[in-house]
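First the structure, in the form of structure tokens, and then the observations on it.
Residue numbers (the UniProt record's numbering): 1 to 510.
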């Protein structure tokens, strides 16, 4: 049958080699010059073209693809089959399918499907930019590696110290001694393309007249009432659960309060900050787009360890190296599981603690205008997972045991291909490698930490040095049914004074 046509009722014929190409019906087919073997499913291509052109309006202009030298057959186009022809693109698609899997080809062994873990890993790959992933309504569950959770009724506010003056302003409507200054911050610059702004004092000589005692008293009087209220809200939200241990954690951190404009919004100005500070006086949640940058220079950490710790009267407590593996659970999409791990002698990782994200109840950011660094006071609840169910426990152990310690990669850990997820439910979203030294007294614990973080979701990493004061004495007192306000105020003033005098004097060069 080679070189001959079937009758109109024929469904198919054998595979045929195309003859030397001539101007004619093949010129009407896009890419016909590249087709070496074709499946003839109709009496002739000209017949099918005219039949479909007369039946489907979309293809009436298909004739424009023919070269001027092509000659038209003399048969009539009024002929109709007793069935409706398929669209031309479906016809070509059918030919391509058969070309991929010809029936005359000897049966080839069917490849085995990829394992579920590898399939899940491949499905998670994306060629879009990191900034585009995870955004938009059409995306799947957002999978942040360090999601910040605010409790209902959480108060997050900012204020400067010394406060904005209530006296007359200068002719430009700005504070005479204050200005906004660009501050180098790589994480924010990568996201926004511009440096954030920090509030600084132009003339520190007069403003520094505020004594340490006055500053400590002002901070304590402002913060303590909201602290007591936030602690009561947090304890009221506790849910009795044998799987979790929930406890309050009060901390003071040093860093820099930074401001940036909202996308498409007006630029940050002193007037904007003045309004934000005024609204914060009433405990409302500030709408100002601010962040607290906790990365400090390495020499500051060295100075804290070598001289400041002794001056504060703290004793060495511990020194540890940990890996924090951040796991996303599809059944708990609003939280991230953090596995705190250590490395054994054989190089394997062992889980020591499993936690959910901390929940914030009160955040007080203070721009200490006549100090080198700023202060954040924050009350959170820590949620420790004591007895996870067997599926969660087995998944976490499997993910952690698959990790390979590699000091040359960001975060210090990597996973073999296909080992970053367990089925469709669990997946790695981030990893931290931390080294810290801790010093303490009876009521306070100081942590000097170096952290190397990597976010698997956005493929971005960050290395930082951080200073955190854990107010462990106050955290325990706040757990009491009826905490004593006078003793809490005394403990708060003592802690703030220690931080104010010893930890805020370092100047970060812009």
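Beta carbons are placed, not taken as given, at the ideal position from N, Cα and C, and that holds for glycine.
For residue 221, the enclosing alpha helix (DSSP H) has its first and last residue at 212–236. Bounds of the alpha helix (DSSP H) holding residue 474 are 472–478. For residue 502, the enclosing alpha helix (DSSP H) has its first and last residue at 485–502. Rounded to the nearest angstrom, the Cβ distance from residue 292 to residue 222 is 17 Å, too far for a contact under 8 Å.
For residue 147, no beta strand (DSSP E) segment is defined, and its DSSP state is neither H nor E.
Residue 195 sits in coil when the DSSP states are folded into three classes, being neither helix nor strand. Between the C-alpha atoms of residue 247 and residue 402 there is a straight-line separation of about 31 Å. In the DSSP assignment, residue 434 is bridged to 322, 451.
Annotation for residue 403: no alpha helix (DSSP H) segment contains it, and DSSP assigns it neither H nor E. Between residue 290 and residue 500, the C-beta gap is not smaller than 8 Å, which leaves the two residues out of contact.
With a cutoff of 8 Å on beta-carbon distance, residue 195 and residue 182 are scored as near each other. In the DSSP assignment, residue 256 falls within the beta strand (DSSP E) that extends over 244–259. In this structure, 342 is the residue among 423, 155, 342 with its C-alpha nearest to the C-alpha of residue 325. Selection 318, 412, 337, 431 evaluated against residue 347 yields 412 as nearest (Cα-Cα). DSSP places residue 301 inside the alpha helix (DSSP H), whose first and last residues are 298–303.
For the pair of segments examined, the stretch 293–304 was found to touch the stretch 453–472: the number of CB pairs separated by less than 8 Å reaches three. Contact between residue 244 and residue 383 holds, since their C-beta atoms are separated by about 5 Å, short of 8 Å. In the DSSP annotation of this structure, the continuous segment of the alpha helix (DSSP H) that includes residue 311 starts and ends at 309–312. Judged by DSSP in its simplified three-state form, residue 163 adopts coil rather than helix or strand.
Under the DSSP assignment, residue 350 falls in the beta strand (DSSP E) whose first and last residues are 349–355.
For the pair residue 327 and residue 399, the CB atoms are nearer than the 8 Å cut-off. In this structure, DSSP gives residue 392 a helical state, which the three-state scheme calls helix. Between residue 185 and residue 362, the CB-CB gap reaches or exceeds 8 Å. Taking residue 160 as the centre and dropping the five residues before and after it, the same chain places the C-beta of 199, 277, 367, 369 closer than 7 Å to its C-beta, in chain order. It is roughly 12 Å from the alpha-carbon of residue 331 to the alpha-carbon of residue 337. DSSP places residue 425 in the coil class of the three-state scheme, outside both helix and strand. Bounds of the beta strand (DSSP E) holding residue 365 are 359–368. Non-local C-beta neighbours of residue 354 in its own chain, meaning closer than 8 Å and more than five positions away in sequence, comprise 337, 338, 339, 340, 384, 385, 388, 396, ordered along the chain. In the DSSP assignment, residue 267 forms no beta bridge with any residue. Residue environment: residue 434 is assigned as buried (16 or more neighbouring CB atoms within 10 Å of its CB, all protein chains considered). Following the DSSP letters along the chain, one finds residue 417 in no beta strand (DSSP E), marked with neither H nor E. DSSP places residue 443 outside both helix and strand once states are collapsed to three, so it counts as coil.
Residue 496 sits away from residue 257, with the two beta carbons spaced by 8 Å or more. Here residue 272 carries a helix assignment [DSSP, helix/strand/coil].
DSSP places residue 189 within a helical segment (H, G or I) once states are collapsed to three. Counted as a single uninterrupted DSSP element, the beta strand (DSSP E) harbouring residue 343 occupies residues 336–343.
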